[in-house]
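Right, one structure below, let's go through it.
Protein chains in written order, with my numbering: chain A, 24 to 140; chain B, 938 to 1053.
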């Protein structure tokens, strides 16, 4: 069963507008965390934002915010005031506890965001 | 930026040949991971390490082996490369839940492997 679902293969947004990228997850573990990573065309993986399951407030990092709705098991990324440089693939990921205290990441398939001028 | 390097960055090899990819870190992080990225699949975990000589399998471990003889190096080996192993391979490191800021994993630049 897919643990991270990103239902939008591609999204388009006008420069300076806000955009929401969807992510739903499935877990029975009460302790978990959700990440968003950005991958520009150059290929590197860039950490954007993190939300822990016990965090009381939605995470924010500059123009990025995470709309965390625990009951709906969704962790959508909101990008405000889009810029041309935001054009990239965006991946939602969930951490899973594993051997020796490590934390594996399970990724969604990604959403390709294109910002139009 | 976290000090993670991967070598080689690009490699073309023939089916049936052995291939070793290297991940090197200068951060002294305990945990290291190998992922592969394929179109339509996002990133999938191959193997991971939770200490020197401590490794375990991930979601897509068949055909791969790993070794970690010292903290800074994590090697991924394809014993006999197949065309299905053509992919981009990412190494990642993390400090672990006790010390990490938000459990973040830091990714290397990736290795593009083509098996012909």
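Here a beta-carbon is modelled for each residue, glycine too, at the ideal position from N, C-alpha and C. Note that the structure is a prediction, hence the values are computed from the model and not measured.
Name the two residues that bound the continuous beta strand (DSSP E) containing residue i.
i               : result
residue 44(A)   : 42 to 44
residue 137(A)  : 134 to 139
residue 26(A)   : Premise fails: residue 26(A) is in no beta strand (DSSP E) and is neither H nor E.
residue 98(A)   : 97 to 102
residue 50(A)   : No beta strand (DSSP E) contains residue 50(A), which DSSP labels as neither H nor E.
residue 1052(B) : 1048 to 1052
residue 1002(B) : 1001 to 1007
residue 998(B)  : Neither: residue 998(B) is in no beta strand (DSSP E) and is coded neither H nor E.
Measuring CB to CB, does residue i end up less than 8 Å from residue j?
i              : j               : result
residue 129(A) : residue 117(A)  : yes
residue 958(B) : residue 1043(B) : no
residue 76(A)  : residue 56(A)   : yes
residue 998(B) : residue 983(B)  : yes
residue 973(B) : residue 987(B)  : no
residue 952(B) : residue 1014(B) : no
residue 32(A)  : residue 134(A)  : yes
Determine the DSSP secondary structure at residue i, reduced to helix, strand or coil.
i               : result
residue 123(A)  : helix
residue 1036(B) : Caution is warranted here: a pLDDT of 49 is assigned to residue 1036(B), below 50, making its placement in the model unreliable, and no coordinate value can be reported.
residue 109(A)  : helix
residue 1022(B) : helix
residue 60(A)   : strand
residue 116(A)  : strand
residue 34(A)   : strand
residue 953(B)  : coil
residue 129(A)  : strand
residue 1029(B) : strand
residue 969(B)  : strand
residue 1042(B) : coil
Name the chain D residues whose beta carbon is nearer than 7 Å to that of residue i?
i               : result
residue 1042(B) : The structure shown contains no chain D; its protein chains are A and B.
Worksheet entry | Residues, ordered as in the chain, of the stretch 65 to 79 of chain A that lie near chain B by beta-carbon distance below 7 Å | Against chain B - using a Cβ distance shorter than 7 Å - the residues of the stretch 65 to 79 of chain A are 66, 67, 68, 70, 73.
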